[in-house]
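Structure first, commentary second.
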Amino acid sequence: MTTRKLTVQEQLAKWPSHMVLKVGAVAGLIILLALSYYYIPYPGLTDTGIRIARNILFSIFNPSLDLLLDFSTKNGVVYLLFETAAIAFLGTLIGTLVSIPLAFLSSRNIMPNWFTNLGIALITIIRTFPTVVYGLMFIRVAGPGPFTGVLTLAIASIGMVSKLFIETIEDLDPGIIEALDASGCNTIQKIQYGIIPQLLGNFTSTAIYRFEINVKYATILGMVGAGGIGAPLIFAISAYRWKDVGALLIGLIIFVLVIELISSKIRKKLATGE
Amino acid sequence: MEKIKKFFLPRPIILSSGKIVQPKLSPMVYILPILGIAIYYSAQLTRFKFSTLINRGSQFFVIVGRMIPPNPAYFERAWMPLLITILMSVFGTIIGSAFSLPAAYVSSENMVKNKYAKLAFRAIFSILRTIPLLILAIIFRNIFGLGAFAGTMAVGVFTFTIMTKMFYELIDTADMGPFEAIESSGASRVQAFWSGIMPQLWGQYIALILYNFEMNIRNAAILGYVGAGGIGILLNERLAWRAYADVGIILIALMVTVYLIESLSRHIRKRLL
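Listed below in structure tokens is the structure:
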């Protein structure tokens with residue numbers, strides 16, 4: 073044990089080097105990259121590919137205005153976007169309503185441990201399935217159409233939403249409820265003044281965040297026949313109707329940007345109070 | 021009008037000092053009607069029917085029931101596409117994150133002095149970010165042809181857009197002290213960034229990469245649906261054939277993979293932060 077101050081070099085030399093960890097990480101990365109190189113062959117760019125890439129890029133600057141500004145028919149961009157928003161909205165709402173009891177039943181400060189483990193296992197299983205798989209399953213239930221999209225997004229939302237709800241519930245401050253108890257409140261008053269105000273802000277924020285994600289999912293669910301703007305966009309790309317692609321892409325981009333903006337404004341207000 | 025307002029206002033509270041306090045109008049007074057109207061029109065637009073749900077809802081569980089017991093023999097065909105799915109996400113995540121580093125640099129508030137340049141970069145990246153992964157996959161499939169390469173590119177671009185945003189937010193809030201010290205000793209801004217800012221952020225940067233990797237595994241599983249490689253193509257084919265026992269084993273394999281990768285990634289992230 074020396075009492076003198078160490079020089080910079082000595083101090084640096086004393087730091088752990090994590091040599092094994094670093095070499096292991098780099099070696100693992102190299103193996104994965106080699107495997108990727110082997111199994112994901114580069115197909116090369118054909119002339120057609122280059123032409124398609126150029127067409128898609130230019131389509132955004134040259135959209136079909138008929139389609140973009142069509143407010144009346146069901147094929148117009150505006151109607152499709154409204155339908156997409158409606159699917160996402162109802163899906164989020166149902167998913168959130170189902171998540172609330174599920175989250176309460178899986179919170180460790182409310183239910184016994186063995187019970188919450190069951191709930192959390194169920195939530196994890198729901199979360200792992202890809203959204204499109206749910207879509208393909210619900211097509212068999214409700215047939216093609218936007219209703220299938222609603223059901224798909226509802227069940228796909230449950231995983232993430234209830235996971236975040238559980239975190240909020242487990243963060244409940246018991247002191248407030250004890251204080252209400254001490255001042256003579258009954259159970260309903262305790263829930264009204266002690267629990268709901270603590271949860272409402274976070275729950276709303278989570279639901280709005282999920283709505284933002286669901287809007288993006290709703291655009292791709294069209295692919296499995298579940299309504300929204302996705303299907304027309306995919307058809308337009310496959311049929312090389314570049315002007316329509318441009319109109320649909322512009323609509324989609326503006327729509328998602330506006331929703332993101334509103335969502336972040338509301339969530340900021342909920343988080344900070346102003 | 022006054023009467024309507026009074027109807028919605030909560031009852032005034034009379035304090036013990038005799039003072040009358042009027043509580044504020046609850047925001048629910050206008051939030052609830054808006055929600056109600058939104059629900060009504062959304063239900064109209066999506067042709068929401070409870071009768072379908074009640075009559076045919078059990079069908080969903082019939083399908084789930086048919087997946088049990090899963091068909092383990094099918095795993096022999098499924099493991100290879102699953103490996104390709106994993107490799108697509110690995111490669112896509114690495115490429116996307118690598119490119120996101122300079123992109124985040126040019127769109128961060130404290131590194132770029134020109135306000136308009138920063139805003140222009142951010143606008144471009146925001147627009148790219150709105151395009152869903154599956155649409156990217158379809159675009160790349162049309163450019164590069166069917167196969168895993170198109171999917172990898174889609175994952176790469178998708179990761180790039182998300183990582184860029186997450187990382188420039190980190191750079192914005194980094195401690196500028198070391199940067200200024202290094203810059204004042206004669207280093208260029210990029211050099212100062214590399215040795216003054218990045219050492220603060222490496223841990224968080226790697227944590228972000230792992231987080232994106234977790235998400236990508238789940239997202240890449242569906243890319244096969246549009247012909248962009250991986251396990252999705254089998255999922256689609258088996259579901260179309262109604263070979264639910266095969267779907268069951270694919271989903272279980274996927275679930276185990278996602279679980280293992282998430283556990284590993286969570287373990288590493290906990291050590292990093």
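The listed protein sequences correspond, in order, to chains D and C.
Per the numbering used here: the first sequence ends with 346, consecutive numbering throughout.
Per the numbering used here: the second sequence ends with 293, consecutive numbering throughout.
Backbone N, C-alpha and C fix where the C-beta goes; we use that ideal spot for every residue, glycine too.
Fair warning: this is a prediction, and the values are worked out from it, not measured in the lab.
Of all the CB atoms in chain C, is at least one closer than 8 Å to the CB of Ser108/D? yes
When the distance is taken between beta carbons, is Ile270/C closer than 8 Å to Arg258/C? yes
Over what stretch of residues does the alpha helix (DSSP H) that includes Phe307/D continue unbroken? Gly302 to Ser310
Going along the region 273-286 of chain D in order, which residues come within less than 7 Å of chain C, judged by CB to CB distance? none
Using beta carbons (cut-off 8 Å, strictly below), is Pro135/D in contact with chain C? no
Taking only beta-carbon atoms, is Met5/C less than 8 Å away from chain D? As shown, chain C starts at 21 and ends at 293. That puts residue 5/C outside it, with no answer to give.
If we call anything under 8 Å between Cβ atoms a contact, is Ser120/C one with Met183/C? yes
When you compare the region 210-226 of chain D with the region 293-310 of chain D, are there three or more beta-carbon pairs, one atom per stretch, that lie closer than 8 Å? yes
Any beta carbon of chain C sitting closer than 8 Å to that of Lys86/D? no
Taking 8 Å as the threshold (beta carbon to beta carbon), is Met295/D in contact with chain C? yes
Around the Cβ of Ala214/D, are there at least 16 other Cβ atoms within 10 angstroms (buried) or fewer (exposed)? buried
Any C-beta of chain D under 8 Å from that of Pro152/C: yes
Among Asp195/C, Phe233/C, Leu65/C and Asn239/C, which has the Cα closest to the Cα of Arg289/C? Phe233/C
For the region 237-252 of chain D, enumerate the residues whose C-beta is nearer than 8 Å to any C-beta of chain C, in chain order. none
Length of the line joining the Cα atoms of Ile198/D and Ser37/C: 56 Å
Quick check: is the beta carbon of Asn17/C nearer than 8 Å to any beta carbon in chain D? Chain C is shown only over 21 to 293; residue 17/C falls outside these bounds and no answer can be derived.
Quick one: using the 10 Å Cβ neighbour count with 16 as the cut-off for buried, is Phe201/D buried or exposed? buried
Host alpha helix (DSSP H) of Pro198/C (start-end): Gly197 to Ser204
Reducing DSSP to helix, strand and coil, say where Val205/D ends up. helix
Please classify Phe236/D as buried or exposed, where buried requires at least 16 other C-beta atoms within 10 Å of its C-beta. It is Leu, not Phe, that sits at residue 236/D in the sequence shown. Under this definition Leu236/D is a buried residue.
Using a Cβ-Cβ cut-off of 8 Å, state whether Leu153/D counts as contacting chain C. no
Is the CB of Gln211/C under 8 Å away from at least one CB in chain D? no
When the distance is taken between beta carbons, is Val233/D closer than 8 Å to Thr278/D? yes
Name, going along the chain, the residues of the region 98-130 of chain C whose beta-carbon falls closer than 8 Å to a beta-carbon of chain D. Leu103, Ile104, Leu107, Met108, Val110, Phe111 and Ile114
Other residues of its chain near Leu129/D: CB distance less than 6 Å, five sequence neighbours each side excluded: none
Asn75/C: first and last residue of the uninterrupted alpha helix (DSSP H) it sits in: Phe70 to Arg76
Cβ-Cβ distance between Leu107/C and Tyr114/D below 8 Å: no
Please name the residues in the region 141-174 of chain C whose beta-carbon is closer than 7 Å to at least one beta-carbon of chain D, in chain order. Ser146, Ile147, Thr150, Pro152, Leu154, Ile155, Ile158, Ile159, Asn162, Ile163, Phe164, Gly165, Gly167, Ala168, Phe169 and Thr172
Residues of its chain near Ser208/D, where Cβ-Cβ distance is below 6 Å and the 5 sequence neighbours each way are ignored: One point to set straight first is that residue 208/D is Leu, not Ser, in the sequence displayed. So the list reads Val296, once near-sequence residues are dropped.
Quick check: the Cα distance between Arg123/D and Ile158/C, rounded to an integer number of angstroms? 15 Å
At a Cβ cut of 8 Å, what residues of the region 241-252 of chain C count as close to chain D, listed as they run along the chain? Ala241, Ile242, Tyr245, Val246, Gly249 and Gly252
Closer than 7 Å: Glu155/D CB and nearest the ligand GDP heavy atom: Here there are no bound small molecules, and the ligand GDP is not part of this structure.
When Val98/D, Ala160/D and Val150/D are compared against Ile348/D, the one with the closest alpha-carbon: Beyond the ends of chain D as shown, which are 73 and 346, falls residue 348/D; an answer cannot be given.
Would you say Gly77/C lies against chain D (beta-carbon separation less than 8 Å)? yes
Can you find a C-beta in chain C that's less than 8 Å from the C-beta of Pro218/D? yes
Does Val98/D pass the burial test, meaning 16 or more other C-beta atoms within 10 Å, or should it be called exposed? exposed
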